[in-house]
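Its first residue numbered 0, the sequence shown is counted upward by one per residue in numbering that gives the first Met the number 0.
Reading through the structure tokens given below for one structure.
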Amino acid sequence: MINRITTAALLALGLLAPQTTHAAPEEIQVYMDEINRPGEIGLDVHVNHVLAGDGTPDYPGAESSLHRLRVTPEFSLGLTKTLELGAYLPLATVARDGRLRVDGFKLRLKYLAPHREAGFYWGANLELGKVSHRLDLNPYNGELKLIGGWRKGRWIVGVNGNFDFVVSGPQHDPVSAELATKLAYKVTPDLALGVESYNGAGALRSIGHFGSSEQTTFAVADTHIGRFEINAGLGKGYGTNTDATILKFTIGVPIGRK
0 MINRITTAAL
10 LALGLLAPQT
20 THAAPEEIQV
30 YMDEINRPGE
40 IGLDVHVNHV
50 LAGDGTPDYP
60 GAESSLHRLR
70 VTPEFSLGLT
80 KTLELGAYLP
90 LATVARDGRL
100 RVDGFKLRLK
110 YLAPHREAGF
120 YWGANLELGK
130 VSHRLDLNPY
140 NGELKLIGGW
150 RKGRWIVGVN
160 GNFDFVVSGP
170 QHDPVSAELA
180 TKLAYKVTPD
190 LALGVESYNG
200 AGALRSIGHF
210 GSSEQTTFAV
220 ADTHIGRFEI
230 NAGLGKGYGT
240 NTDATILKFT
250 IGVPIGRK
């Protein structure tokens with residue numbers, strides 16, 4: 000789904016190098032139709048932990064993703080009815096040695112076209128960021144995310160086309176593509192169960208190499224605990240993904256919400 004090198008890039012911005020190994024990024028989510036109202040402040044906390052996999056570092060000086068805990072606060076501010084500014088700050092990791100490290104930051108700008116509560120929606124998100132050498136050979140990376148989806152009754156569908164690119168660094172990988180999808184069903188008004196899949200498709204100039212790219216599929220649950228919004232998932236990595244088992248959470252913290 001994303002490169003360890005790329006993963007780090009994704010951490011800070013999102014990069015997908017199809018010919019390298021991979022690791023869980025700082026955020027694992029499918030962008031849907033949520034956007035802050037003008038002036039509204041939001042906070043999502045992204046947490047993921049690699050429970051099993053190949054702990055071999057990808058390059059000299061790289062940090063292994065195995066048993067690494069990633070905790071990333073994502074702050075957001077509604078600019079207009081269709082634009083939202085966001086900041087992943089800081090990108091924090093706790094490696095197997097137990098040390099807490101700050102490994103970079105990422106900024107984003109999201110556009111979401113006007114849409115109804117039910118039916119089709121679409122938008123786009125641009126991310127840029129910087130990460131430490133422990134996470135990526137390339138310190139500056141970016142990602143363009145195309146957002147689409149559909150809601151009808153109890154069914155929820157989300158699709159993201161992600162294009163990851165290097166802004167600056169020693170390893171000039173080509174632009175790479177990933178398809179992220181979500182299919183969920185509302186069992187109750189406060190609980191939706193579903194599947195999220197993150198499928199690397201290789202370099203954009205030769206797209207379609209799913210077998211030689213990183214893939215991850217999660218069983219997910221979306222629910223509420225009080226005013227907190229919770230997305231929880233347990234995932235399996237395959238393809239070239241060296242992270243075999245991944246636990247992830249996105250926690251929506253009710254700051255600035257009425």
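We treat Cβ as the ideally placed atom computed from N, Cα and C, and that holds for glycine.
Proximity to Y120 across V166, V158, S63 peaks at V158, based on C-alpha coordinates. Rounded to the nearest whole angstrom, the CA to CA distance from G234 to V130 is 24 angstroms.
Residue burial annotation: Y184 is exposed, with fewer than 16 other C-beta atoms found within 10 angstroms of its C-beta. The beta carbon of Q28 lies closer than 6 angstroms to those of T249 in the same chain, with the five residues before and after it left out. Following the DSSP letters along the chain, one finds T81 in no beta strand (DSSP E), marked with neither H nor E. The alpha-carbon of A243 is positioned some 11 angstroms away from that of S64. Counting only runs of at least 3 residues, the region 35 to 113 fully encloses the following beta strand (DSSP E) elements, listed from N- to C-terminal order: 40 to 52, 68 to 77, 82 to 87, 91 to 93, 99 to 101, 103 to 111. Restricting attention to G77, P169, L68, I155, the CA atom closest to the CA of D96 is found in L68. The three-state secondary structure of L143, taken from DSSP, is strand. Ranked by how close their Cα comes to the Cα of V49, the residues I229, R98, I245 have I245 in first place. Here the alpha carbon of H114 sits roughly 13 angstroms from the alpha carbon of I146. Separation of A23 and E177 (C-alpha to C-alpha, rounded to the nearest whole angstrom) is 14 angstroms. The residues G77, in chain order, have a CB closer than 6 angstroms to that of R36 in the same chain once the five nearest residues on each side in sequence are set aside.
Contiguous beta strand (DSSP E) elements confined to the region 154 to 238 occur at 154 to 167, 175 to 187, 190 to 202, 213 to 224, 227 to 238, taking only those with 3 or more residues. For P173, the closest C-alpha among the options N140, L190, V186 is that of N140.
If the five residues before and after H132 are omitted, its C-beta is found closer than 6 angstroms to the C-beta atoms of G60, all from its own chain and listed in chain order. Note that the C-beta distance between L125 and F104 is not below 8 angstroms.
Proximity to K151 across N198, E116, G168 peaks at E116, based on C-alpha coordinates. For the options D57, A123, G52, the alpha carbon positioned closest to that of K144 is the one of A123. Spanning the alpha carbons of N240 and E62 requires a straight line of approximately 16 angstroms.
Going by beta carbons, M31 and G148 fall inside the 8 angstroms limit.
At a Cβ-Cβ threshold of 8 angstroms, L203 and V194 do not count as neighbours. Ranking L136, P188, L111 by CA distance to the CA of H171 puts L136 first.
Residue burial is scored here from C-beta neighbours: D189 has fewer than 16 other C-beta atoms within 10 angstroms and is therefore classed as exposed. Within the DSSP secondary-structure output, L246 pairs in a beta bridge with H48, L233. L106 places its beta carbon 8 angstroms or farther from that of I254. For Y120, DSSP records a beta bridge to G148.
V130 has G103 as its beta-bridge partners, per DSSP.
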